[in-house]
Structure formats: C-alpha cells, structure tokens
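Novice: Everything in the sequence shown is counted per full-length UniProt numbering, starting at 1 for the first residue and increasing by one. Quick reminder that beta carbons are idealized off the backbone N, C-alpha and C, glycines included.
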Amino acid sequence: MGHFTSLLQLVRPMTRSLGIEITDSSIKAVEMTAGSKGKPILHGYETEYLPDQAIDDGRIKELYSVIRTIQTLVAKLNPKSKHVHMVVPSQSIMVRFLKFPDIPLKELQKLVDFEVKHNIHLPFDQPVYDFVKLNGTEEGAAKPKSAIKKQKESKKSPKGSDGDWQGQAATGKQDSLGLGGEHDLLFGNSKQPEADAEALEKLQCDVMLIAAPRALVDEYSEIAKSAGLKLKSLEIKALSLFRLIHQIQITNSNGTFLVVDVNPKATDVSIFHESQLKITRNLPILFEEKKAEVTHEEGSPLDSLFTDFNTDFSATHHASNDLAHELERLLNFYRYTLNNRTQVFDRVLLSGDVNGLPELAVVLQEKLGIEVALFGTDQITNAAAPLNLLFSTYSVTIGLALRGTGR
1 MGHFTSLLQL VRPMTRSLGI EITDSSIKAV EMTAGSKGKP ILHGYETEYL PDQAIDDGRI
61 KELYSVIRTI QTLVAKLNPK SKHVHMVVPS QSIMVRFLKF PDIPLKELQK LVDFEVKHNI
121 HLPFDQPVYD FVKLNGTEEG AAKPKSAIKK QKESKKSPKG SDGDWQGQAA TGKQDSLGLG
181 GEHDLLFGNS KQPEADAEAL EKLQCDVMLI AAPRALVDEY SEIAKSAGLK LKSLEIKALS
241 LFRLIHQIQI TNSNGTFLVV DVNPKATDVS IFHESQLKIT RNLPILFEEK KAEVTHEEGS
301 PLDSLFTDFN TDFSATHHAS NDLAHELERL LNFYRYTLNN RTQVFDRVLL SGDVNGLPEL
361 AVVLQEKLGI EVALFGTDQI TNAAAPLNLL FSTYSVTIGL ALRGTGR
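1. Have a look at E88 and V396 and give me their C-alpha separation to the nearest angstrom.
2. Can you give me the C-alpha to C-alpha distance between E222 and I70, rounded to a whole angstrom?
3. If you follow the alpha helix (DSSP H) that I223 is in, where does it begin and where does it stop?
4. Exposed or buried, Y336, counting other C-beta atoms within 10 Å across all chains shown (16 or more means buried)?
5. Tell me the rounded alpha-carbon separation between E62 and D24.
6. If you measure between the beta carbons of D268 and S90, is that distance less than 9 Å?
7. In the DSSP assignment, the beta strand (DSSP E) including I248 goes from what residue to what residue?
8. For the beta strand (DSSP E) that F272 lies in, which residues bound it at each end?
9. State the DSSP-derived secondary structure class of L390, mapped to helix, strand or coil.
10. How many angstroms separate the CA atom of E107 from the CA atom of F114?
11. What is the DSSP secondary structure of N263, counted as helix, strand or coil?
12. Are L244 and F345 touching if we call contact CB-CB under 9 Å?
13. How close, in whole Å, do the beta carbons of E48 and L18 come, if the pair is a contact with beta carbons under 8 Å?
14. Once DSSP output is grouped into helix, strand and coil, what is the label at A373?
15. Among D102, I285, L234, which has the Cα closest to the Cα of A315?
16. So, for F287: in the same chain, excluding its five sequence neighbours on each side, which residues have a beta-carbon less than 7 Å away from its beta-carbon?
17. Closer than 6 Å by C-beta to G58: which residues in its own chain qualify, once you throw out the five before and the five after it? Chain order, please.
18. Evaluate I20 with the Cβ neighbour count: other Cβ atoms within 10 Å of its Cβ, from every protein chain shown; 16 or more gives buried, anything less gives exposed.
19. Does the segment 224-239 come close enough to the segment 326-335 to have 3 or more Cβ pairs within less than 8 Å?
20. Mind checking D56: buried by the 16 CB within 10 Å criterion, or exposed?
21. Would you call the CB atoms of H83 and A384 closer than 9 Å?
22. Kindly identify the DSSP beta-bridge partner or partners of E115.
Shown next, in the form of structure tokens:
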C-alpha cells in the first residue's frame with residue numbers, strides 16, 4: 001500500500017513518473033520526466049470523465065466505476081512509467097497547524113504519535129497521518145532525504161523528509177477518534193500566557209499534521225493497482241501546487257500569496273507565507289461543469305478547447321461572486337484573527353477545471369484588489385500536444401508528477 005505523505009519534495013533529478021488527480025467529476029493524469037537542461041518534459045496528459053455520483057464530495061461511492069474509468073484513462077495515456085503520485089480529496093482529510101517542543105525528529109515523532117492517540121481528536125476512525133516540522137533548530141531539523149536510506153514497508157511508521165519542507169512521516173492506526181475542530185483547533189491558535197510567550201516560543205516549533213481515513217488510502221491504493229500502477233505517494237493538493245510554483249517561479253515562493261484551485265463542485269484555497277503553508281480550506285461552491293470528453297491528437301492546437309460549450313452565465317456569475325466573498329473572509333481571518341495585519345499579498349494564483357477561468361481571474365482581481373494570475377510557464381518542455389490554456393487545468397497533476405520516482 002502506498003504511504004500517505006505530504007512531505008514536499010522540491011525539484012530534484014527525476015525519472016519518468018505520473019501525477020493523477022481524482023475529483024468528483026473526472027480523473028486527470030500527466031506523465032513527466034526530467035530534461036537534459038533542467039526543464040521537466042511533459043510527455044502526455046489525459047482527462048476521463050466519471051459517471052454521475054461515482055464520487056460525491058470527495059467520497060468514493062462506486063469504486064468499480066472509478067476503477068473502470070482510471071483503466072480507460074491509463075489505456076489512452078499509455079504511459080511508460082508505472083510510478084504514480086496522487087492527491088487526496090481535501091474534503092476527506094484534516095490539516096492542523098500545531099506547536100510542539102523543538103526536539104529532534106525521532107523524539108518528535110513519538111510525541112506526535114502520543115498526541116494523536118490520546119489528545120488530538122480526528123474526524124474519522126483508523127487515521128493514516130503524517131506531519132511536517134516547518135521550522136526549529138538544527139538539532140530538531142530533519143536530515144536531507146539523500147541521507148536517509150530507503151526502507152521497505154513494514155508495520156512500523158515509515159520515515160522520510162524532503163527539501164525545504166523538512167519533516168518526518170508517521171503512519172498510524174487509532175480507534176474511535178471523535179470529531180474536533182473550531183477555528184482555533186484547525187489553525188493551531190493556542191494562546192500562551194503573555195509573560196512566558198517569548199521564552200516559550202524559542203523552545204517550540206511549528207508542525208503541520210495531516211490525517212486521512214485509512215479506508216480512503218486503501219481505496220486509492222486499489223485504484224492505482226487496478227490500472228497496473230505503483231502508488232508512490234498520496235499528498236494534499238496545496239503542496240502539489242506549491243511544488244509547481246517553486247519550479248516555474250510564477251511568483252516569489254518566499255513571499256505571501258494565495259493559491260485557488262477551482263473545480264465544478266468544490267474549490268481549494270491555500271495561503272502560503274515564506275514557503276510555509278499557513279491555511280488550507282475547501283469551499284463547496286458550485287461552478288459550471290465541463291461535460292464533453294477531452295480528446296486531442298499529438299500536435300493539435302488546444303487554445304479554443306471548451307470554448308464552444310454552453311455556459312449558464314447567471315450561475316457562473318453567482319458562483320464567482322460567492323468565491324470572491326469567501327476569499328475576502330479568509331483573507332480577513334488570516335490578517336486580523338491570526339495577527340498578520342502587516343503582510344501584503346503578492347498574488348493570487350488560479351488553477352482548476354471549470355469554464356471561464358480567465359474571466360473568473362478578472363472578477364477576483366476586481367473584488368480582492370490583488371493581482372490574479374493563471375498557472376502557465378515556458379519552463380516545462382512539451383513533448384505532447386501543447387497545453388496552452390489547459391495548463392491551469394493540469395497544474396495539480398503536473399505538480400504531483402514533479403515528485404519523480406522518490407517519495
């Protein structure tokens with residue numbers, strides 16, 4: 001079974017690998033490899049649409065329909081690589097930002113395991129979880145991944161770390177954990193006595209904890225195996241997109257920016273500051289859905305793909321305004337509730353699989369007063385049909401494939 005891991009592997013030598021994203025309406029895949037001059041090469045991409053209600057709100061309702069769809073997708077893509085990285089649906093995971101003592105990773109892993117078992121309430125039974133140590137002292141920081149020997153899967157928790165996001169993975173199983181969570185719990189806003197706050201801060205580190213139901217991880221493993229693929233990792237969408245941002249440099253990855261991935265039934269929103277994920281949320285906003293199948297031949301122009309689709313302007317207009325309103329609320333929460341009043345947002349980066357994404361970018365820029373840009377780059381060599389306006393549609397899968405064959 002593939003490990004659930006959110007550790008961010010930044011750009012490094014990679015061999016050919018796949019990135020696959022499963023949403024409520026479709027499955028998207030790309031195949032990539034490293035280029036001779038440092039530019040990744042995109043070898044192919046495909047989208048296959050799912051039957052209605054096969055997946056609902058991130059939950060797989062008809063497993064065999066999903067399996068048949070991914071088998072069709074892989075047959076069309078005909079990849080040379082069997083190594084695949086997949087993204088877990090945001091609706092089905094929990095992300096929390098916590099503070100722990102700034103101790104070496106080996107000891108921190110034991111502490112996180114204890115906290116998950118006894119004190120941190122998770123919204124599902126039998127969780128598979130992972131954590132990333134975001135900062136701290138040299139003594140507490142993770143070793144570079146190249147210094148960690150590859151381990152075979154066992155019943156013990158796997159260990160690993162990646163690039164600038166240093167951390168140690170832990171996979172665990174717990175019984176009957178209850179539902180927790182208001183804003184303070186979700187974003188780790190534990191308050192400390194003022195007199196001791198400064199001294200205590202020096203002894204603590206920030207930790208991002210990610211958890212998913214074991215049943216979901218097992219289903220994704222079965223889906224990959226059914227298509228003859230080897231599941232190398234599962235991770236959250238925010239980190240896949242950040243990896244791509246770091247690679248193509250469409251904004252300063254050390255600045256403060258908002259990443260918005262819009263799909264027909266849900267939108268993922270993440271705030272990054274100084275290369276750290278600060279907030280990630282899933283918003284259930286309904287946009288116009290693309291119904292036609294995506295087909296293309298090698299070398300065919302795709303600039304005007306989807307432009308002939310009928311769009312319910314009124315519904316799209318309302319959804320765009322709803323999204324802008326929710327983003328304003330989130331920005332205000334980040335600035336004022338989390339005490340980041342002086343931080344200036346460099347950009348909003350937009351990706352997703354809905355009609356009228358360029359028009360949505362214009363609406364959001366007008367409403368938020370922040371520059372909004374779609375994902376796009378010339379830093380990736382195209383060996384397949386050119387992506388052009390479809391780059392934003394495949395941004396998540398490209399970010400996944402950039403992991404290469406390592407964890």
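Specialist: According to the data block:
1. The amino acid at residue 88 is misidentified as Glu; the sequence shows Val. Answer to the nearest angstrom: the Cα atoms are 11 Å apart.
2. 11 Å
3. 214-226
4. exposed
5. 11 Å
6. yes
7. Careful: I248 lies outside any beta strand (DSSP E), inside the alpha helix (DSSP H) at 237-248.
8. 267-273
9. helix
10. 11 Å
11. coil
12. no
13. Their Cβ separation, rounded to whole angstroms, is 14 Å, which puts E48 and L18 out of contact at 8 Å.
14. strand
15. I285
16. V262, P264, T316, A319, V354
17. P89, Q91, S92
18. buried
19. no
20. exposed
21. no
22. DSSP, once it has assigned bridges, lists no residue as partnering E115.
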